[in-house]
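With my numbering, the residue at position 39 of the sequence shown is 39, and numbering never jumps. What follows is a single structure, written as structure tokens, with notes after it.
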Amino acid sequence: MKIVSKFFCKIKNTGVLNTFCCLYKLLFLKIVSVLFRLERWHSIAPYECRAYKKLVVGIVNELQPHTVVEIGCGLGEIISRVNAAGKHGFDREENVIKVAKMLCSIENNFHVGSFDEVKSLKEKIIDVLIMVNWLHDLDGSHIRGEIEEILKVKEIKYIIVDEVHTFREGYRYHHDFEQCFHGIAEKIKDVDDGYDNYRKISLFKIS
Ligand SMILES: C[S@@+](CC[C@H](N)C(=O)[O-])C[C@H]1O[C@@H](n2cnc3c(N)ncnc32)[C@H](O)[C@@H]1O
């Protein structure tokens, strides 16, 4: 019964076409995940089913960036849809990067890695750094420390992160990034993920 009500709620919020695209993509990614032994998460949250991913793409594209980097890019669903001449996706999971390279077009550069590997990029300026839907596993001071280290060797203009609402259980950390980035970045805007009701997406400008 809960599934049926969720289904109709989805149709109401996102329309019939998007709901069927979401179902199709769920099935497709389920097969991919089984074949490549990916973590369950990659098969349950395709772009077409999750509002926050579209929000991130929209915010990035409004900034008209030249170079965009995403850490924790998963299958590349966000970075592959961003308009930028230079795009790099990093993920710590080798298998995930292998599949991202197969699914996304070749202009995306996918790399196994995380904060440290971003420092080795040849680009000196990163217009937008995206880190969404995984920072909730890391302590705030750790995240800040990693950003400070990158800033020693790169110029970052904007950072996009997500804050999971405190009433959502099952997350290790519920960050307040305004506090976490105090003195290094200033919040420009917050957008709620609306009907998904999980998180808000925040845009920070490096000061
Ligand atoms: C829930 S998925 C989200 C993927 C993508 N950000 C999205 O929203 O579509 C989280 C991804 O972050 C990656 N990840 C987690 N911790 C990481 C870390 N410390 N460095 C790089 N990637 C990490 C995981 O391997 C996984 O692919």
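Every residue gets a Cβ at the ideal spot worked out from N, C-alpha and C, and that includes glycine.
- In the same chain as E155, and ignoring 5 residues on each side of it, the C-beta atoms closer than 6 Å to its own belong to I125, in chain order.
- The stretch 127-140 makes no contact with the stretch 96-107: fewer than 3 CB pairs, one atom from each, lie closer than 8 Å.
- An exposed status is given to T166, since fewer than 16 other beta-carbon atoms sit within 10 Å of its beta-carbon.
- By the neighbour-count criterion, in which 16 or more other beta carbons inside 10 Å mark a residue as buried, A85 falls on the exposed side.
- By DSSP's assignment, N109 forms a beta bridge with H88.
- If you ignore the 5 residues before and after K30, its C-beta comes within less than 8 Å of the C-beta of S43, all in its own chain and listed in chain order.
- Cβ-Cβ distances below 7 Å link K101 to F110 in the same chain, with the five nearest sequence neighbours on each side left out; the list follows chain order.
- Using a C-beta cut-off of 8 Å, the stretch 198-205 makes contact with the stretch 180-190, since at least three inter-stretch Cβ pairs fall below that distance.
- For A185, the enclosing beta strand (DSSP E) covers residues 185-192.
- Three or more beta-carbon pairs separated by less than 8 Å are not found between the stretch 24-39 and the stretch 56-73, which leaves the two stretches without contact.
- Beta-bridge annotation (DSSP): V128 is paired with V68, Y158.
- Shown here for R81: same chain residues with a beta carbon closer than 6 Å to its own, the five before and five after excluded, namely V57 in chain order.
- In the three-state DSSP reduction, L138 falls in the coil class, being neither helix nor strand.
- According to DSSP, I97 shares a beta bridge with no other residue.
- If you draw a straight line from the Cα of N95 to the Cα of V32, it comes to about 11 Å.
- Burial check for R168: the Cβ neighbour count within 10 Å stays below 16, so the residue is exposed.
- V164 and Y171 do touch by the CB rule: their CB atoms are close to 5 Å apart, below 8 Å.
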